[in-house]
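J.:
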Amino acid sequence: MMRNLRARVTHLFLYVFLIVIAFIVLLPFFIMLLGSFREHIDIIIRGPLALPKIWHIENYYDVLFKYRFGMFFRNTFYITAPTVLVSLIFAIMAAYSLVFLELPLRKLMVLLSTVLGVMIASEFIMIPLYRLMNTLKLLDTYTAAILPQLAMSAAFSTLILRSFFLGLPRDLIDAALVDGATNWRILWSILVPIAKPAIITSGALTTVWTWNSYIIPLVLIPTPSKDPLAVGLLLFQGTYTIDIPLTMTGTVVTALPMLLFYLFFQRHIIRGLTKGAVD
Amino acid sequence: MNKKEKLNFVLLVLVVLFFSLSGVFATGSQEKGKRAEKITLQMWDDYSGKTRDPVVKAAIEQFKKLHPNVDIQRTVRPLKDLTTMIIPALSAKKGPDMMVVNSGEQMEGPLVRGGHLVNLDPYAEKYGWTKKLLNPSLWNRVRYSEDGTVFGTGHIYGVSFDGELVGVYYNKDMFKGNGLGIPKSLDEFENVCEKLKGVGIAPIALAGLKDYRFFHLYALVQASVLSHDMGIEEAQKYLEDIVLRWKADRSFVIPGNIEAAKIIQDWVRKGYFVKGFLGLKGSDDLALFMAGKSAMFVQGSWYSTEIADSNINAGLFPFPPYKKGEPFSPQVGGATTPFGMSKYSKYKDLDAEFMNILLTSDTTVRLQKENSVLPARIPVSLKGIDKNTLYYDLLDDWNKINESGHMTFFLDWTTPTMWDTLAEGGRSLMGMKITPKEFVNKLEADYLNWQKNKPKPKK
Amino acid sequence: MKDINGGKLHKYVLSYLYLAPSLIVIIIFLLYPLFNSFRYSFFQWDGVGRMSFVAITNYIGIFKDAKFWISFRANLVYILFFSFIPTLFGLIVSSVVARANIRGVRIFRTIFFTPQVIASVAVGTIFGWIYAPQFGVVNQVLDLVGLESFQHAWLGSSATAPVAVGFIGVWLWTGFCIIIFVAGIQKIDEDFYASAQLDGANSVQQFFHITLPALKYEIVVVIIMTMIRALSTNVFGIVSAATGGAFGTRPISLYAYQLAFVQHDIGYASSVVAVLAVIVFVISGLSMRIGERE
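Residue numbers (the working numbering), protein chains in the order written: chain D, 2 to 280; chain E, 2 to 460; chain U, 2 to 295.
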């Protein structure tokens, strides 16, 4: 009886604790949401957390239709989807090679294909990258925005997957190998299903980062009708002022698909996490 | 996939479809029929917002009537992002036909030196721009020598279609309610601040985190002090020698500059700025002013439309001279960020024609007047404009400025690093971390560094 | 590992074949431009004019450059707040939470992931409001609990601004660390804990002897990732929007960007980037080396 009560209290404590953290985590998002319905002056006078006196729903209408965010959404999809999907495939293969296959110069390859790839942020390579795309005649195409981000995402996912593979119990691998399967089969039929949580996690992160990235498309794709959402947000920023409500609305519209996407794929993470990984 | 998964997948597809389709409805038909000689001119600008966007759009309309087969495609971005796009593009000899080019060493200098901009003198001559618009000293601000080593004289590399000035926006009701008139001298200005503080109103809204708030204010105070110290003509010459001509025999370290810095620091000490202003972000200070939480806002005419539309009764007065009765002090301002033509444009004459429409058409002036913008066509007739409006004050100020022929500068044009030096120095000054003399020394150090590094004419 | 297809050369080729797609895109689209960037660091160039060779002048300039060192200090603060603290919090919270059966896990997981999803511009703007002097959330809360004297312009002085920005990092990454570590812990076989319990080990001992070692790889990955974001991408966007780099908050990456695109000194900017890259590389490499040893 005592043990049950103690367990329950601890449980309750845990819940409260988690809810407090969740609250703090959500605060800025809440401010952003409120901000999208309010006027800037109102935010200044009554503070960021006050509820709107008038709900300016027209901001959403403006952003979606007048400012063509639907089109930006489509463009962002064109850039993000291929980047993430292809980078995951590349990363799965690369991680497999780095961990399970005999690779001369392995240590060097690890560095090149993970750390070095992850640490190169787009701001640093803008000018050479532009010239490269110019030489390859890829300027102003979605491909130009996809390729560098594909590389960055692949490097990152390789990093995550490699760590995951290294952490797997040995007997799992040996058991598979005893069957005499080919590399390809082992990788795709056995390892990938086990690695689903790692794949989903790195996929979710690279999706979000690519979704929100703006410097590469800004410089490599000048045509406004091809802008992704992150560049579209710049429409609300003038050189001197920034239209706060519209920026907030634009950010909510940009972020919402990502949240839904993540909520959606949660299901798979849970399934992959069941302890019966080895049946 | 099991049933639930299938359902979720369908839902996802529907959501994606919804977003994509709303884009299609908004953009309408994508492909226009391709006619034989369809030309597209690319234009990269930052003319967003009510003050400039309508003017540009109208000019494009007019242009299209004259040239139906020519399309002008704009890419509108904030200036700093444009710079990020322009540098890689032009250095690879690509990019737009026309673009906004930030003044002086901010962007124009390097571009001229790299040979990327077209000398617009022939077109200015042909269309008579220098006769119709602005005044000569304003045109000097877009001039560079052919090799780009001398600023302020030489060929015209950029044009502007509206003017800008920095002045003191003030809340008319707050002034009237406290028996305050427009200050006519520095002392009177400080008295006004003191009185406002006494009744609990924050005199000046200024965002410490927004770099240029400080140095626009500083330039105004500086001009006032220097005009008193040296006389207006000398002061104007001094400023031009430093900002435009980078004369090595001039120095920032003069008593006038130090005094101007001291004045501002004293204002901080006396609490003339909004509480916590150092941690205030840009445009939040404007919001405070428009919300009626402070009496004055010292900034540029580019905010005029917004302020005019807000709920407060606002006016503008020029920053006063040092002593009462002294002549009209040079204000900060000039023509707006200039607009240039790329050497790699294949349609230079068409570009120039468009520029001409933008600069000189009557529609431009009409739209500018409708949106409280300062036209480049001066002097501006005040007929028919309500004396009580903000716009009246602005135009009055603008006319006075152009008439006097004296104008001080956005000091950041001087060297490529000056923006940062002024911003950081200003914050240290207002944060009481350095003395006025140390502040001026920082400017001087930056200037001397530029003397070493500035482009030298090729012999 | 056992080799599957015989023949050494055949084996090596195969290994590289798997690695190739990833490696090739990285080399062409990341390493090659980086190498070019590195090349620029030996010149003086404004980006649109001529380049003049200056050898290592730029690098020497870095040592004497006070602004660089201020940025360096900012980055140190950010490493602490964007990387170490979230990792630590994440470990502590996850070790407590992971094995308890909490309902609504999915909701919490999404909530903790939210910060990642908001664009940096919005994050910076919003926190600008949270820290604002008069109407800001922090100051208003202090007012409510009677601590007005503590009110401050948080982003307005070099004493508080970097740490204030640092807290944004804690907000951004802690939730994420919790998610990763929880997933990692749930991978551990419950039997380990059960037998340890029987042996008389308490929670703390269990943490250090079972949980921590099992999370070895997750920790390394998280540290590398957050560290890199702390040194470049994240802070760039957030600081730009929140303070514009004022009051000692400007990170090296933002400084390099301004050097290149505002001050038109691409050569010097490239050298700063090169130094930054070396720092990042060394830290990541070390983390990997240390973390992956037994």
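Glycine included, each C-beta is placed from N, C-alpha and C at the ideal position.
Comparing alpha-carbon positions, which option in D:Asn-135, D:Leu-140, D:Pro-149, D:Pro-198 lies nearest D:Phe-166?
T.: Nearest option by C-alpha distance: D:Pro-198.
J.: Span of the beta strand (DSSP E) holding U:Ala-75?
T.: Not the beta strand (DSSP E): U:Ala-75 falls in the alpha helix (DSSP H), residues 67 to 79.
J.: Would you tell me roughly how many angstroms separate the C-alpha atoms of D:Thr-242 and E:Lys-211, rounded to the nearest one?
T.: So the alpha carbons of these two residues sit roughly 11 Å apart.
J.: Give every residue of the same chain whose Cβ lies closer than 6 Å to the Cβ of D:Leu-140, excluding the five residues on either side of it in the sequence, and list them in chain order.
T.: Answer for D:Leu-140: Met-134, listed in chain order.
J.: In this structure, what does DSSP give as the bridge partners for E:Val-275?
T.: In the DSSP output, where bridge partners are listed per residue, E:Val-275 has none listed.
J.: What residue ranges within the segment 180 to 257 of chain U form continuous alpha helix (DSSP H) runs of no fewer than 4 residues, ordered along the chain?
T.: If we require 4 residues or more, the alpha helix (DSSP H) runs fully inside the segment 180 to 257 of chain U come out as 191 to 199, 204 to 207, 217 to 232, 234 to 243.
J.: Whose CA, out of U:Val-273, U:Val-146, U:Phe-90, U:Ala-120, lies closest to the CA of U:Val-223?
T.: Of the candidates U:Val-273, U:Val-146, U:Phe-90, U:Ala-120, the one whose C-alpha sits nearest the C-alpha of U:Val-223 is U:Phe-90.
J.: Check whether the segment 146 to 157 of chain E and the segment 106 to 124 of chain E touch, using three or more Cβ-Cβ pairs below 8 Å as the test.
T.: Yes: at least three Cβ pairs fall under 8 Å.
J.: Under a three-way DSSP split, which group does U:Val-124 fall into?
T.: DSSP places U:Val-124 in helix when its eight states are reduced to three.
J.: Excluding sequence positions up to five away, which residues of its chain have a Cβ less than 8 Å from the Cβ of E:Val-143?
T.: Cβ neighbours of E:Val-143 beyond the five flanking positions: Ser-104, Glu-109, Ile-157, Tyr-158, Gly-159, Val-160, Ser-161, Ala-336, Pro-339.
J.: For the alpha helix (DSSP H) that U:Ala-17 lies in, which residues bound it at each end?
T.: Note that residue 17 of chain U is Tyr in the sequence shown, not Ala. Segment 9 to 27, the alpha helix (DSSP H) holding U:Tyr-17.
J.: State yes or no: is the beta carbon of U:Trp-1 nearer than 8 Å to at least one beta carbon in chain E?
T.: Here chain U covers residues 2 to 295 and nothing more, so residue 1 of chain U does not appear.
J.: Is the Cβ of E:Ala-292 closer than 8 Å to any Cβ of chain D?
T.: Yes, its Cβ sits closer than 8 Å to a Cβ of chain D.
J.: Using only the alpha-carbon positions, how far apart do U:Pro-87 and E:Val-71 sit?
T.: Their Cα atoms are separated by approximately 56 Å.
J.: Hey, U:Ser-288 and U:Ile-225: beta-carbon distance below 8 Å or not?
T.: Taking 8 Å as the Cβ cut-off, U:Ser-288 and U:Ile-225 qualify as a contacting pair.
J.: Check distances from the C-beta atoms of the segment 101 to 133 of chain E to those of chain U and list, in chain order, the residues that come in under 7 Å.
T.: Within the segment 101 to 133 of chain E, the residues whose Cβ lies closer than 7 Å to some Cβ of chain U are Pro-111, Leu-112, Arg-114, Gly-115, His-117, listed in chain order.
J.: Going by CA-CA distance only, name the one from E:Lys-388, E:Gln-452, E:Leu-396 that's closest to E:Pro-376.
T.: Taking only the C-alpha atoms, the option nearest E:Pro-376 is E:Leu-396.
J.: Identify which residue in E:Ala-90, E:Gly-326, E:Arg-214 has its Cα closest to the Cα of E:Gly-280.
T.: The shortest Cα separation from E:Gly-280 among E:Ala-90, E:Gly-326, E:Arg-214 belongs to E:Arg-214.
J.: Quick one: complete beta strand (DSSP E) runs, 3+ long, within the segment 89 to 175 of chain U?
T.: None, since the segment 89 to 175 of chain U contains no complete beta strand (DSSP E) of that length.
J.: I'd like the list of long-range same chain contacts for E:Tyr-393, defined as Cβ closer than 8 Å, with 5 residues on each side in sequence excluded.
T.: Closer than 8 Å at Cβ, skipping near neighbours: Leu-383, Ile-386, Asp-387.
J.: Once the 5 residues before and after D:His-41 are set aside, which same chain residues still bring their CB inside 7 Å of it?
T.: Closer than 7 Å at Cβ, skipping near neighbours: Ile-245, Pro-246.
J.: Write down the C-beta distance between U:Leu-31 and D:Ile-128 rounded to the nearest angstrom, noting that I regard them as a contact closer than 8 Å.
T.: At roughly 14 Å, the Cβ-Cβ gap does not stay under 8 Å, so U:Leu-31 and D:Ile-128 are not in contact.
J.: In or out: U:Leu-148 buried (at least 16 other Cβ within 10 Å) or exposed?
T.: U:Leu-148 should be labelled exposed.
J.: Answer yes or no: do E:Val-206 and E:Leu-317 have a C-beta to C-beta separation smaller than 8 Å?
T.: It is worth fixing the name first, because residue 206 of chain E is Ala in this sequence and not Val. No, they are not a contact pair.
J.: From U:Thr-227 to E:Thr-422, what distance separates their C-alpha atoms?
T.: Taking the straight line joining both Cα atoms gives about 32 Å.
J.: Alpha carbon to alpha carbon, how far is U:Ala-278 from D:Phe-125?
T.: Straight-line Cα distance between these residues: approximately 10 Å.
J.: Is any beta-carbon of chain U found at less than 8 Å from that of E:Leu-461?
T.: Any answer about residue 461 of chain E is impossible in this case: the structure gives chain E only from 2 up to 460.
J.: One question on the structure: do U:Cys-239 and U:Val-166 come within less than 8 Å of each other, judged by their Cβ atoms?
T.: Note that residue 239 of chain U corresponds to Ile in the displayed sequence, not to Cys. Yes, the pair counts as a contact, with Cβ atoms nearer than the cut-off.
J.: Kindly provide the ranges of any alpha helix (DSSP H) runs that are 4 or more residues long and lie completely inside the segment 120 to 182 of chain E, ordered along the chain.
T.: Runs of the alpha helix (DSSP H) inside the segment 120 to 182 of chain E: 122 to 128, 130 to 133, 137 to 141, 173 to 178.
J.: Please list, in chain order, all residues of the same chain as E:Tyr-84 whose beta carbon is under 7 Å from its beta carbon, the five residues on each side excluded.
T.: A quick correction: the sequence has Thr, not Tyr, at residue 84 of chain E. Counting only Cβ-Cβ distances below 7 Å, and skipping sequence neighbours, we find Asn-103, Met-108.
J.: Is it the case that the segment 426 to 437 of chain E contacts the segment 253 to 273 of chain U, given that we only count it when at least three CB pairs across the two stretches are under 8 Å?
T.: With a cut-off of 8 Å, the segment 426 to 437 of chain E and the segment 253 to 273 of chain U do not count as touching, because too few Cβ pairs lie within range.
J.: Hey, D:Gly-118 and U:Val-138: beta-carbon distance below 8 Å or not?
T.: No, the Cβ-Cβ distance between D:Gly-118 and U:Val-138 is not below 8 Å.
J.: Below 8 Å between beta carbons: does that hold for D:Thr-224 and D:Leu-234?
T.: Cβ distance not < 8 Å, so D:Thr-224 and D:Leu-234 don't count as in contact.
J.: If you draw a straight line from the alpha carbon of U:Asn-59 to that of U:Gly-268, how long is it in whole angstroms?
T.: Cα to Cα, U:Asn-59 sits roughly 7 Å from U:Gly-268.
J.: With a cut-off of 8 Å, does the C-beta of D:Tyr-68 fall near any C-beta of chain U?
T.: So no, D:Tyr-68 is outside the interface.
J.: Looking at chain D, is there any beta carbon in it that lies within less than 8 Å of the beta carbon of E:Met-99?
T.: False, the Cβ-Cβ gap to chain D never drops below 8 Å.
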